[in-house]
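**Student:** First the structure, then my questions, so here it is.
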Amino acid sequence: MGRRTTRARLRKMVDYLDEVRKLSQLRIPRCYALRSSKIELHVFGDASEHAYAAVAYWRAVRPDGTVHLALVAGKSRVAQTKSCRSRGSNCKRRFGLSPSDEYPKGARDRDRT
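Heads up: the sequence shown begins at 7 in the numbering used here, then just goes up one per residue.
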């Protein structure tokens, strides 16, 4: 093999590896083919001075009464880069959580028992 052939093969290999690295940026949306009589999207979120978390999932009730759950997205962070001294709704608002994303009133206390 001559020098030109070696350089050409090396260039091809570098180009190939660049393309492989780009695969990590590829995003394919999920398909939710939920054939059910009742479909609900549930979103829960909470935040404190030290952490926040949010989760979204589909809840589908089939005609025979069986329930199917599918995780849509979840996100959490334990360490914050900025201080969030105010507790409650101000802190939740900072992380993009609306009051409707929270547990239904009283459900949080029931879950802890």
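A virtual CB, placed ideally from N, CA and C, is assigned to each residue, including glycine.
Which residues does DSSP list as the beta-bridge partners of Tyr-63?
**Tutor:** Answer is His-48, Leu-77.
**Student:** What residues match up with Arg-83 in a beta bridge as DSSP calls it?
**Tutor:** Bridge partners of Arg-83: Tyr-58.
**Student:** Let me check one thing: in DSSP terms, what residues is Ala-53 bridge-paired to?
**Tutor:** Answer by DSSP bridge pairing, in chain order: Tyr-58.
**Student:** Should Tyr-5 go down as buried or exposed, given a rule of 16 or more other Cβ atoms within 10 Å for buried?
**Tutor:** Nothing in the structure corresponds to residue 5, since the chain is present only between 7 and 119.
**Student:** Determine the extent of the alpha helix (DSSP H) in which Leu-16 is found, giving its start and end residues.
**Tutor:** Note, Leu-16: alpha helix (DSSP H), 9–28.
**Student:** Straight-line CA distance for Thr-12 to Glu-25?
**Tutor:** Using only the alpha carbons, I get a separation of about 20 angstroms.
**Student:** To the nearest angstrom, how far is it from the Cα of Ala-113 to the Cα of Ala-39?
**Tutor:** Residue placement at Ala-113 is poorly supported in this model, since its pLDDT is 43, which falls under 50; the coordinates are not used for a value here.
**Student:** Less than 8 angstroms between the CB atoms is what I'm expecting for Ala-62 and Val-78, so what's the real figure, rounded?
**Tutor:** At roughly 4 angstroms, the Cβ-Cβ gap stays under 8 angstroms, so Ala-62 and Val-78 are in contact.
**Student:** With burial defined as no fewer than 16 other Cβ atoms inside 10 Å of the residue's Cβ, what is the status of Gly-51: buried or exposed?
**Tutor:** Looking at its Cβ environment, which holds 16 or more other Cβ atoms inside 10 Å, Gly-51 is buried.
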